[in-house]
Every structure is written in C-alpha cells, then in structure tokens.
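Trainee:
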Amino acid sequence: MTAGTNYLQTAENMNSTKFDLMDNVLVIHVNGELDHHNSVVIRERADEIICTRGVINILFDFEKTEFMDSSGIGVIMGRYKKVKDFGGIVGVVNVGKNVEKILLFSGLNKIIRYYDSAESAVRLIRGGN
Amino acid sequence: MDNRMYVEFDSISSNESLARVMAAAFLTKLDPTLEEVDDVKTAVSEAVTNAIIHGYENGEGTVSMECLIHNNEFTVIVSDKGVGIEDIEKAKEPLYTTREEEERSGMGFSFMEIFMDSLLVESEPFKGTKVTMKKKIGRL
Chain A
1 MTAGTNYLQT AENMNSTKFD LMDNVLVIHV NGELDHHNSV VIRERADEII CTRGVINILF
61 DFEKTEFMDS SGIGVIMGRY KKVKDFGGIV GVVNVGKNVE KILLFSGLNK IIRYYDSAES
121 AVRLIRGGN
Chain B
1001 MDNRMYVEFD SISSNESLAR VMAAAFLTKL DPTLEEVDDV KTAVSEAVTN AIIHGYENGE
1061 GTVSMECLIH NNEFTVIVSD KGVGIEDIEK AKEPLYTTRE EEERSGMGFS FMEIFMDSLL
1121 VESEPFKGTK VTMKKKIGRL
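Protein sequences appear in the order of chains A and B.
Residue numbers for the first sequence follow my numbering, beginning at 1 and rising by one.
Residue numbers for the second sequence follow my numbering, beginning at 1001 and rising by one.
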C-alpha cells in the first residue's frame, strides 16, 4: 500500500487549483493538471462556492495549466450549464496551445468567452459584457 | 532503434497521470516536439481514464499499457479486462456518454482519433477492451 499511497500523493500535489472571488466573478486558476482524477475535487469546490456565494460568472485561468484532457470539458460544460439560466458568463484566460486544442475540438470555444487577462475579464463582466 | 515497454497498474484515477508521464518519457527517444508529447499524453489519458471509469466502472482491476517504437512510429496499447463495450461505433460517436452525471463529455475516443494518427478499438462484453493508437513522430 505504501507505493500506492506515494503515487496518490504525487498526483494530488500536481493539482493546486486556486479559487478567487473577484467582484462577482469566480476565478478558477487551474494550476497543474486537469484530468479525471483532479476534476472531481475542482468540480466540488467550484460548486460549493457557486452555491454558497451565489456566483454566476466563472472565469477559468489556464496560465499555470500543465495538462488538460476531455475531463476539463466536463468541468467547464458542467459549470456553464449551472450558470447559463441565470444569465451567467463562463470565460477563459491564458489559454495555451494544448488547452486551446481541447476547447476547439470540443466546440466549447463557441459558448465560452475569451479574455485578455483576468483583470479585464472581471471589468468587462462587471460592466455587463 | 526499436524499443518496447510494458507496464501494469491498478485501476485508480491517480494512475492516469502516472501512465501519461511514463508514455511521455518513453516517447522522448524519438525527439518529439512539445506538441507531439502533449498529443500523446492526452490520448493516453483518455484511454486510461476510459479503462478505469468504464472498463472497471471505478472499481478494482488492472490496466496494462504497452508502448512500442518502430522506426519513427510510436504505438501505445491500453488494455483492461473489464466489462467491455457492446457497441463500439456508438461509443466512438462524439458527445456520446453513458456517464453524464459524472460530467463525462463523451469526447474521449474523438480526442484519441484527433491527437493520434490511427485508433483501433477491440472489445468484447465481459472480456475487456483493447485500444491501439499509433502516431508518427517528427514528420515535417
């Protein structure tokens, strides 16, 4: 069991996703890897904040994302479904090559908004854009 | 020089990153671009995740991964002895998922097809699934 535990810890350490509330926008800094393993924790934490704080705008920051597979689509799509009926916005910033491919091939690029920076995203979303 | 690697690991989600890293490390011999490494990591991640979630239905099992290098071609074979797939063509359809409540996007096989040059899925109900993917590295 010791070897298994070590692997588990290694994988856990690869995900240090951070959650920030900037005005009325939940900024999810996807740090490390967004795969099936990490998606569960990210999803639960995000939904907890969405529900308890009544946030309807979500911004995914991929600046420090080292890897993302189709599990990331589930996480983004799932949050989109949660907030869209309330007029919420789901946006992305700092999209690297790997993440961009995933967004493009899944068609997610058509329903999410791209911003230049977290700051400008928060400003635009606050202003109703 | 041709090369082969064969590994087996438990069907637990933290091993998804382990499998990706092992495949990527094995691939370095072919001097791949960063993009090629990312493509292979994504495809391996999708296949191993499928084995864990669908093959073994998040339960116990052993996933195997075989990696091969022949000339400039990389091959990875991910196998499980899980429940298998009844209708492979349906499973391969984009956005088709049996696990919507777990927020699975149904894009796994599509990504394997997009990120690799070829994809072969062999499966038999209650016997398991074998996914073979190939990609030529370093074509310009």
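For each residue, glycine too, the CB sits at the ideal point set by N, CA and C.
None of these values were measured; they are calculated from a predicted model.
#1: Could you spell out the range, first to last residue, of the alpha helix (DSSP H) harbouring S1064 of chain B?
#2: Got a sec, what are the start and stop residues for the beta strand (DSSP E) L1034 of chain B sits in?
#3: Just how far apart, CA to CA, sit T2 of chain A and F1009 of chain B?
#4: Taking the alpha-carbon of R1099 of chain B as reference, which of A:H36, A:Y114, A:T17, A:K18 has the nearest alpha-carbon?
#5: Whose Cβ in chain E lies nearer than 7 Å to the Cβ of E1035 of chain B?
#6: Considering Cα atoms alone, identify which of B:L1120, B:T1049, B:E1124 is closest to L34 of chain A.
#7: Please confirm whether S70 of chain A has its beta-carbon closer than 7 Å to some beta-carbon of chain B.
#8: Less than 8 Å between the CB atoms is what I'm expecting for I58 of chain A and L26 of chain A, so what's the real figure, rounded?
#9: Is there a Cβ of chain A sitting closer than 7 Å to that of R1099 of chain B, yes or no?
#10: Can you tell me whether P1032 of chain B is buried or exposed? The criterion is at least 16 other CB atoms within 10 Å of its CB, across all chains shown.
#11: Comparing C-alpha positions only, which one of A:K110, A:F105, A:I50, A:E66 sits nearest to F1109 of chain B?
#12: For A1142 of chain B versus F1115 of chain B, is the C-beta distance shorter than 7 Å?
#13: Taking 7 Å as the threshold (C-beta atoms), are V1078 of chain B and A1047 of chain B in contact?
#14: Quick check on the DSSP output: the beta strand (DSSP E) that includes Y1056 of chain B runs from which residue to which?
#15: Where DSSP assigns a beta bridge to K1130 of chain B, which residues make up the other side?
#16: Check each candidate in B:E1103, B:E1089, B:S1064 and name the one with the smallest Cα separation from V1121 of chain B.
#17: Taking A1023 of chain B and V1076 of chain B to be in contact with their CB atoms under 8 Å, please state how far apart those CB atoms are, rounded to whole angstroms.
#18: List the endpoints of the continuous beta strand (DSSP E) containing V93 of chain A.
#19: In chain B, what lies closer than 9 Å to F67 of chain A by C-beta?
#20: How many Å lie between I50 of chain A and I56 of chain A at the Cα?
#21: Could you check the C-alpha separation between N1015 of chain B and I28 of chain A for me, to the nearest Å?
#22: Go to G1004 of chain B, then tell me how far its beta strand (DSSP E) extends in each direction, as first and last residue.
#23: So, for K1041 of chain B: in the same chain, excluding its five sequence neighbours on each side, which residues have a beta-carbon less than 6 Å away from its beta-carbon?
#24: Quick one: give me the first and last residue of the alpha helix (DSSP H) that N38 of chain A is part of.
#25: Looking at the strands, I want to know which residues DSSP matches up with D61 of chain A.
Mentor: Walking through what the data contain:
#1: Here S1064 of chain B belongs to no alpha helix (DSSP H); instead the beta strand (DSSP E) covers 1062 to 1070.
#2: Premise fails: L1034 of chain B lies in the alpha helix (DSSP H), 1034 to 1050, not in any beta strand (DSSP E).
#3: Residue placement at T2 of chain A is flagged as unreliable, the pLDDT there being 40, under the threshold of 50; a coordinate-derived value is accordingly withheld.
#4: A:H36
#5: No chain E is present in this structure, whose protein chains are A and B.
#6: B:T1049
#7: yes
#8: 5 Å
#9: It does not: the Cβ of R1099 of chain B has no partner Cβ on chain A nearer than 7 Å.
#10: buried
#11: A:F105
#12: Residue 1142 of chain B is absent from the structure shown; chain B starts at 1001 and stops at 1140.
#13: Yes, the pair counts as a contact, with Cβ atoms nearer than the cut-off.
#14: From DSSP, Y1056 of chain B is part of no beta strand (DSSP E); its letter is neither H nor E.
#15: B:S1079, B:E1122
#16: B:E1089
#17: With 8 Å as the limit, A1023 of chain B and V1076 of chain B qualify as a contact, their Cβ atoms being about 6 Å apart.
#18: 90 to 93
#19: S1017, R1020, D1038, K1041, T1042, S1045
#20: 7 Å
#21: Going by C-alpha positions, N1015 of chain B is about 24 Å away from I28 of chain A.
#22: A small fix is needed here, since residue 1004 of chain B is Arg in this sequence, not Gly. That run of the beta strand (DSSP E) goes 1003 to 1010.
#23: R1020, A1024
#24: 36 to 53 is the extent of the alpha helix (DSSP H) around N38 of chain A.
#25: A:H29, A:V93
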